[in-house]
Amino acid sequence: MAFELAPLPYGYEALQPYMSKETLEYHHDKHHQTYITTLNGLIEGTELAGKSLEEICAASYGDAAKQGIYNNAGQAWNHNHFWHWMKPDGGGSVPDELEKKIIEDFGSVDAMKAAFIEAGKTQFGSGWAWLVMDGGKLEVMKTPNAVNPMAHGKTALLGCDVWEHSYYIDYRNARPKYLEAFVNDLVNWDYVAELFAKAA
Ligand code: MN3
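Letter by letter, the sequence shown follows residues 574 to 773 in my numbering.
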């Protein structure tokens with residue numbers, strides 16, 4: 574059974590002014606769709622057909638012969654979550670249990686946000702900034718291209734796409750401004766807290 578692109582969980586204009594309709598149309602309808610279409614073509618008729626994205630990522634990471642499969646499966650998974658990591662009127666306060674854990678591991682919510690923004694700013698070229706759970710501890714990390722924290726045995730709680738296609742229409746080259754808007758005005762903390770509860 575081939576993978577299919579799920580619709581956005583909100584309207585194309587719902588994240589304005591922080592992320593435009595044009596960005597979502599290109600990013601969801603073109604980029605995300607292409608990862609899924611390409612992945613379907615690459616796994617058709619192979620032993621990976623019918624496996625979950627998580628299984629395909631695990632089976633292809635680090636295998637030079639399966640690099641294309643990993644890139645597209647990783648990006649399909651990352652974007653499936655990315656749309657849910659944002660919401661209209663996002664940002665705001667972090668749910669209690671997660672906030673407590675953030676303060677325990679980072680000192681404050683602001684310190685965690687600053688570390689997350691710094692990770693995104695310093696990811697050279699395309700990639701992702703992440704808040705992850707690793708052995709019961711929260712940490713911030715960055716990855717290149719399609720790489721997902723699962724590849725490093727960590728659980729992603731929040732990820733921000735820092736590929737230029739995610740911000741160039743709205744912010745041009747100002748990646749730090751995009752990251753600040755993501756953290757302060759777009760993040761769906763309820764979804765992050767849901768993933769945290771599952772991981773804890
Ligand atoms: Mn993207």
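Just so it is clear, CB atoms sit at the ideal spot from N, CA and C, and this is done for glycine as well. Predicted, not measured: the structure shown is a model, and the values here were computed from it.
Buried versus exposed call for residue i [16 or more other C-beta atoms within 10 Å across all chains shown]
i, result
"H600", "buried"
"M574", "exposed"
"Q692", "Reading off the sequence, residue 692 comes out as Ala, not Gln. Burial call: buried."
"A579", "exposed"
"A637", "exposed"
"A773", "exposed"
"R745", "exposed"
"T619", "exposed"
Contact set for residue i: own chain, Cβ-Cβ below 6 Å, skip 5 residues either direction
i, result
"L731", "W658, L704, V765"
"F769", "L671, L730"
"Y591", "A754, D758, L759"
"Q696", "K715, V735"
"Y608", "N645, Q648, A649"
"K686", "V756"
"Y634", "Y643, A724"
For residue i, the first and last residue of its enclosing beta strand (DSSP E)
i, result
"A587", "That residue, A587, is in no beta strand (DSSP E); it is neither H nor E in DSSP."
"W701", "700-707"
"L759", "Premise fails: L759 is in no beta strand (DSSP E) and is neither H nor E."
"K710", "710-717"
"T728", "728-734"
Member of the options whose CA lies at the smallest distance from the CA of residue i
i, options, result
"N651", "K710, D707, A719", "A719"
"T611", "L759, K639, Y591", "K639"
"D683", "V667, T695, K694", "V667"
"D763", "L615, Y744, G664", "G664"
"M706", "L621, T728, D743", "T728"
"G709", "E677, A688, G700", "E677"
"W701", "D669, Y585, H654", "H654"
"T596", "D743, D669, G680", "D743"
Cβ neighbours of residue i in the same chain (closer than 7 Å, five flanking residues each side left out)
i, result
"G698", "P717"
"P661", "Y583, A587, L588"
"H604", "H738"
"L626", "A646, A649, W650"
"I675", "V667, V682, M685, L711"
"G623", "M574"
"N761", "H657, W658, M659, K660, G663"
Own chain residues within Cβ distance below 8 Å of residue i, not counting five before or after
i, result
"C630", "Y643, A646, G647, W650, N721, M723, A724"
Boundaries (first-last residue) of the alpha helix (DSSP H) holding residue i
i, result
"Y608", "606-616"
"K674", "669-679"
"G693", "682-695"
"K594", "594-597"
Supposed contact pair residue j and residue i - C-beta distance, whole angstroms, cut 8 Å
i, j, result
"L752", "I690", "5 Å"
Query - Below 6 Å from a heavy atom of ligand 2 - residues by beta-carbon - result: Ligands in the displayed structure: ligand 1; ligand 2 is not one of them.
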